[in-house]
Structures are given as structure tokens and as C-alpha cells.
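In our numbering, the protein residues as written are 416 to 673.
Here's the structure, in C-alpha cells; my notes come after.
Structure, rendered in C-alpha cells:
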């Protein structure tokens, strides 16, 4: 039997004082965020585990030394050895207990910024985002990842017989009781042959991809394990409420909405 879950999310906009720490972080990121002014961004995601075929490691970048975190690029070949499809990832690891943020960081967070400086022998990859966690600090909500995150992306080489070269600029924040801005430039060359040299990296990419929500198609049926049945924005004179109705064949355990 399908079980329905209905969540009413009351949207609010809060202001954060111009604290000494926040101002330089805002200048560092070069844009307004929830910590610098006001923002309202609601995204409805449907979570589904999507196993991929056998993933074989291809390349792993070095760890630049950072004050409170490490960041690197890695890549793997998806499927069989003759497959041209590649998986890549941006891996951020923080000090124990620290966190970094999702693409919509919330009221008190700062979203990462990634800029492809150059990509040779492939189109610009689209960075994918695993489902985040919800953090509440002094009544302010933010969304992100505890102890780091691996953000996967697909790579399709223009010429499978030639290497793919990636050059990325990364700006992000890591937080404990305060937030610290970090930045790095990363490079990675992915050879055209799978080498099986890094099974740990390949397994990480596989797990990260399974945690990325999928867009629900318009012709979804009740045969799906879980689906979004309806989304409606209910507005009043003083507030707005996003009402989402979801259905699951197995029920929900601590459902959440981002």
C-alpha cells in the first residue's frame, strides 16, 4: 500500500547582523548570500539510489595543503574497460567536526563556487550534488555536509583515444564555530586507458553518484518506489507555504525537504 507524506514548509527570510567575520567572507565569494543579505531558494529533490556499472579507477589528483580542509579532483572509468564514459569528482575533506555547504547553503551558510578554467577533450562537466544534511545553529538553518563531500560529475571525451585534462578553480567555506573561506586551483589528467590503480577512489565515486537525487519525469507512475505527487505554493498576506505531497511504497523514515 502506498503511504502518503505531506509536508508544509513555511518559508521565512531572516537577516543576519553584519558580523566581523561575515563581511570578509562575502567579499571573498564576491556575491551576496544568505549570510550577507536575504535569500529564499527552495528546491524539491527526489532521492533515488541509482547504481552504476563497475567503476574502474583512472586518476587521482594530489591533496593541496589547506588550513582546515583538503580538496582534490579524481576520476574513474565507468562500466567496462572499453567504455568511453568517465566519472569525475571534487572531493572536499574537512577537519573532524567541521562542515562545508550545499549549492543552496541556507540562512547561515556560504555555497561553494566552482569555475572550470579549462577542459581539454571534453565538454564542461555538470557538477552533481548529493543530498545534504540540515544544520541548525542559533535558530538559523543551513544545508551541507559533515566532514566533507564528494561531488561527482560525468565526463564524455570528445576523442576517447586522447587524455582529458581538467583545470578547476574552487572557492568554498568550512565551518565549526566560525566559517573559514578556502580556495584552490586543481588540475587532473585522465588517461584514455583504465588502470585499476585506485579502487578506493572508484568506490567513493560510485557511492557519491548513488546519493545524487534524480529528476522525476513527467510520466512517473505509482510503480516507482517513491514519487512526488504534487507541489503547490500557498501564499497569504504575511507568508508563503510550500506544500509537497509524496508517496512511497515502503513508507518514510524522517523525511526532509530541500
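By construction, the Cβ of each residue, glycine as well, lies at the ideal position given by its N, Cα and C atoms.
If you draw a straight line from the alpha carbon of residue i to that of residue j, how long is it in whole angstroms?
{"i": "residue 544", "j": "residue 641", "result": "19 Å"}
{"i": "residue 666", "j": "residue 659", "result": "15 Å"}
{"i": "residue 628", "j": "residue 547", "result": "10 Å"}
{"i": "residue 645", "j": "residue 661", "result": "7 Å"}
{"i": "residue 562", "j": "residue 620", "result": "17 Å"}
{"i": "residue 581", "j": "residue 568", "result": "12 Å"}
{"i": "residue 539", "j": "residue 655", "result": "37 Å"}
{"i": "residue 492", "j": "residue 506", "result": "17 Å"}
{"i": "residue 559", "j": "residue 514", "result": "7 Å"}
{"i": "residue 530", "j": "residue 625", "result": "24 Å"}
{"i": "residue 668", "j": "residue 552", "result": "23 Å"}
{"i": "residue 650", "j": "residue 585", "result": "38 Å"}
{"i": "residue 607", "j": "residue 554", "result": "50 Å"}
{"i": "residue 490", "j": "residue 579", "result": "10 Å"}
Taking residue i and residue j to be in contact with their CB atoms under 8 Å, please state how far apart those CB atoms are, rounded to whole angstroms.
{"i": "residue 583", "j": "residue 488", "result": "6 Å"}
{"i": "residue 589", "j": "residue 597", "result": "6 Å"}
Give every residue of the same chain whose Cβ lies closer than 6 Å to the Cβ of residue i, excluding the five residues on either side of it in the sequence, and list them in chain order.
{"i": "residue 527", "result": "587"}
{"i": "residue 557", "result": "520, 521, 523, 524, 550"}
Nearest CA to the CA of residue i: which residue from the options?
{"i": "residue 565", "options": "531, 655, 549, 615", "result": "615"}
{"i": "residue 577", "options": "501, 536, 558", "result": "536"}
{"i": "residue 617", "options": "482, 486, 501, 485", "result": "501"}
{"i": "residue 533", "options": "649, 673, 602", "result": "602"}
{"i": "residue 575", "options": "553, 605, 591", "result": "605"}
{"i": "residue 512", "options": "591, 607, 664", "result": "591"}
{"i": "residue 623", "options": "483, 504, 663, 653", "result": "504"}
{"i": "residue 643", "options": "571, 607, 630, 653", "result": "630"}
Please work out which residues of its chain come closer than 8 Å, Cβ to Cβ, to residue i, disregarding the five sequence neighbours upstream and downstream, and give them in chain order.
{"i": "residue 671", "result": "549"}
{"i": "residue 541", "result": "568, 569"}
{"i": "residue 517", "result": "524, 526, 544, 547, 558, 559, 560, 673"}
{"i": "residue 573", "result": "536, 537, 538"}
{"i": "residue 571", "result": "499, 500, 501, 537, 538"}
{"i": "residue 486", "result": "478, 479, 505, 506, 507, 508, 585, 587, 597, 599, 601"}
Within the same chain, show all residues whose beta-carbon is closer than 7 Å to that of residue i, passing over the 5 residues directly before and after it, in chain order.
{"i": "residue 702", "result": "Absent from the model: residue 702. The displayed extent of the chain is 416 to 673, so no value can be given."}
{"i": "residue 595", "result": "482, 483, 588, 589"}
{"i": "residue 446", "result": "Any reading at residue 446 must be qualified, since the residue scores a pLDDT of 45, below 50, and its modelled position is unreliable; no value is offered."}
{"i": "residue 652", "result": "none"}
At least one CB of chain B closer than 9 Å to the CB of residue i: is that the case?
{"i": "residue 505", "result": "Of the protein chains in the structure, only one exists, and it is not chain B."}
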